[in-house]
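Notes follow once the structure below has been shown.
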Amino acid sequence: MEESVRTIDRWLLAAGPRTRRAVFALTFLAMAGTSLPNVPQAYIDYSRIPLLARVHQPETYGTDSIADMYAAKVILNDPSDMYTKARLEQTPLEAATWTRAESSPYPPFALLMEAGLYAAGEWTGIGFYGLMLAIACAFLILSARYFARTRWYLFPLLYLNFSYLSDRFVHVQDDTYLLMLLWVVVALWLARAGRASSHLAMAAAIATKLSPLYYARHVTSMRPAMRTAFVAMLCAGFVLPWFIWDNYLYIYSFHQGLKGNIYDSIAAVLVSVPFAIALCYLEAHGVFDREDRIGWALVPVAIFLALKMRVARHLLLVLLVPDKGASRNLIAALGLTLHFLLPRLMPLGSVLYVSVLLLIGVLVYHLREIGWTRVRADLARPWPTIRLMVLSRPDGGRDCPTPD
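Below, the structure is given as structure tokens:
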């Protein structure tokens, strides 16, 4: 089986430049065609464009766009009102979509970025929606370039079937996820160039969305100056706001009871914590290089959030981060394809559990590569193993080969 997979991989990597360019062009065309019906009429009215007049559009913006635009206006009206939202009335549409408390309960770094984008959109005439769409395109283009330099075939596997992602990126607009994903792919490119500033890009990603929080475990392997800057960014993103904004802490208690129940929370902990420990163990043994560690850093917390809230997108969206080792992207592509082909048999809830099982299978495969004898020996001496996991310098591990 493994040899067959390697043979297929070599055959695909041997495809010529013309074939690759043609497949990439087809993929982008398919993405554009799938996305056109998801652009809200409130932003561009196709009825005034002859070639697009028959395309059906949603009348107004997606739910996340509505919430985030209101939160941005609150900040621009009075920054001190960021988490109280008492000084700016909602429009009837905003009030019908979300309560004030439900409107963008996110960390301040994410909200300040959104406020800046809203102001820039108003100034340029592009609008908040247009700039968020540009950020989605930036993430996709940077991802495509990364795939083109590693395993090119992962890009069409992920994005030829763009129906679900088009809804999330173009209509609903998971704004904070898009911002976080852009920071992560920037970190990926910096790591590929051997730049230590990739740590700072990941700190920005954590301050935007908690999904990459596991990456903070690498703080012990950073150089002192970088470690100080990394910790300072996280303190500025999560601790300092407590002294600045009234009601800041509500965003954490709000999310606690948003979805799921105590049993979902217990299940999420029982899966995500051992997963994080196993991932840490593999990193300590040099299984993953710097680029791999960036992508895998999003998975443990994403598993916890997805299982706790029973919402597949918390996991599926982070699996879009390019993976030159292929496994994470293949799992995302498989899940999205199964949901597209068999929506009743494979709803997104089922896709979530299948994806988690496959991710666990990938870690088990890498543990087998280390050797079960070695794993058992490490378990028999827990303190030296814990010390290795906490204090190891992953950059001293092996680098995974990068396909040409």
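Under the working numbering, the first residue of the sequence shown carries the number 1087, and numbering increases by one thereafter.
The C-beta atom is built at its ideal place from N, Cα and C for all residues, glycine as well.
Taking DSSP as the reference, what is the three-state secondary structure of N1163?
-> Here residue 1163 refers to the residue found at position 77 of the sequence shown. In this structure, N1163 counts as helix in the three-state DSSP scheme.
Cα-Cα separation, L1474 to Y1451 | One-based indexing of the sequence shown puts residue 1474 at position 388. One-based indexing of the sequence shown puts residue 1451 at position 365. Straight-line Cα distance between these residues: approximately 21 Å.
Spatial neighbours of L1449 in its chain, beta-carbon cut-off 6 Å, leaving aside the 5 residues before and after = Translated into the one-based positions of the sequence shown, residue 1449 becomes position 363. Once the five neighbours on either side are set aside, the close Cβ partners of L1449 are A1364.
So, do the stretch 1385-1393 and the stretch 1415-1426 have three or more beta carbon pairs nearer to each other than 8 Å?
-> no
Please state if the CB of L1138 and the CB of L1162 are separated by a distance shorter than 8 Å.
-> As a first step, residue 1162 is located in the sequence shown; it is residue number 76 there, counting from the start. As a first step, residue 1138 is located in the sequence shown; it is residue number 52 there, counting from the start. It is not a contact, given that the beta carbons lie outside the stated cut-off.
Identify, in the order they occur along the chain, each residue of the same chain with its Cβ nearer than 8 Å to the Cβ of V1355, setting aside the five sequence neighbours on each side.
-> By 1-based counting over the sequence shown, the position of residue 1355 is 269. Answer for V1355: F1390, listed in chain order.
Would you give the residue range spanned by the alpha helix (DSSP H) that V1272 belongs to?
-> On the sequence shown, residue 1272 is found 186 positions in, with the first residue counted as 1. First-last of the alpha helix (DSSP H) with V1272: 1261-1278.
Taking all protein chains shown into account, do 16 or more other C-beta atoms lie within 10 angstroms of the C-beta of G1435, making it buried, or fewer, making it exposed?
-> In the sequence shown, counting from the first residue as 1, residue 1435 sits at position 349. Counting Cβ neighbours within 10 Å, G1435 comes out exposed, since fewer than 16 surround it.
Kindly list the residues whose CB is nearer than 6 Å to the CB of S1478, restricted to its own chain and excluding five residues on each side of it in sequence; keep chain order.
-> Here residue 1478 refers to the residue found at position 392 of the sequence shown. Counting only Cβ-Cβ distances below 6 Å, and skipping sequence neighbours, we find A1370.
Evaluate P1433 with the Cβ neighbour count: other Cβ atoms within 10 Å of its Cβ, from every protein chain shown; 16 or more gives buried, anything less gives exposed.
-> As a position in the sequence shown, residue 1433 is number 347, starting the count at 1. The residue is exposed, with fewer than 16 neighbouring Cβ atoms inside 10 Å.
Less than 8 Å between the CB atoms is what I'm expecting for L1402 and L1267, so what's the real figure, rounded?
-> In the sequence shown, residue 1402 corresponds to position 316, counting from 1. In the sequence shown, residue 1267 corresponds to position 181, counting from 1. No, L1402 and L1267 are not in contact; Cβ-Cβ is about 12 Å, not under 8 Å.
Contact under 8 Å by Cβ, Y1195 with G1372 = Reading the sequence shown from its first residue, position 109 is the one you call residue 1195. Reading the sequence shown from its first residue, position 286 is the one you call residue 1372. It should be pointed out that residue 1195 corresponds to Phe in this sequence rather than to Tyr. It is not a contact, given that the beta carbons lie outside the stated cut-off.
Which one of M1117, Q1127, N1347, V1359 has the shortest CA to CA distance from I1227?
-> Within the sequence shown, numbered from 1, the residue matching residue 1227 stands at position 141. Measuring from the Cα of I1227, the nearest candidate turns out to be M1117.
Assumed close pair V1385, L1445 - CB separation to whole angstroms, cut-off 8 Å = Looking up residue 1385 in the sequence shown gives position 299. Looking up residue 1445 in the sequence shown gives position 359. That belief holds up - the Cβ atoms of V1385 and L1445 are roughly 6 Å apart, short of 8 Å.
With distances taken between CB atoms, is the gap from T1146 to A1157 smaller than 8 Å?
-> For this step, residue 1146 is matched to residue 60 along the sequence shown. For this step, residue 1157 is matched to residue 71 along the sequence shown. No, Cβ-Cβ distance for T1146 and A1157 is not below 8 Å.
Report the option in R1106, T1177, F1255, A1111 whose CA atom is closest to the CA atom of G1148.
-> Taking the sequence shown and counting its residues from 1, the one referred to as residue 1148 is at position 62. For G1148, the nearest C-alpha among the options comes from F1255.
Taking the alpha carbon of A1340 as the point to measure from, which residue in S1358, L1368, M1395 has its own alpha carbon closest?
-> Position 254 of the sequence shown, counting from 1, holds the residue named residue 1340. First, the residue type needs correcting, since residue 1340 is Phe and not Ala in the sequence shown. It is M1395.
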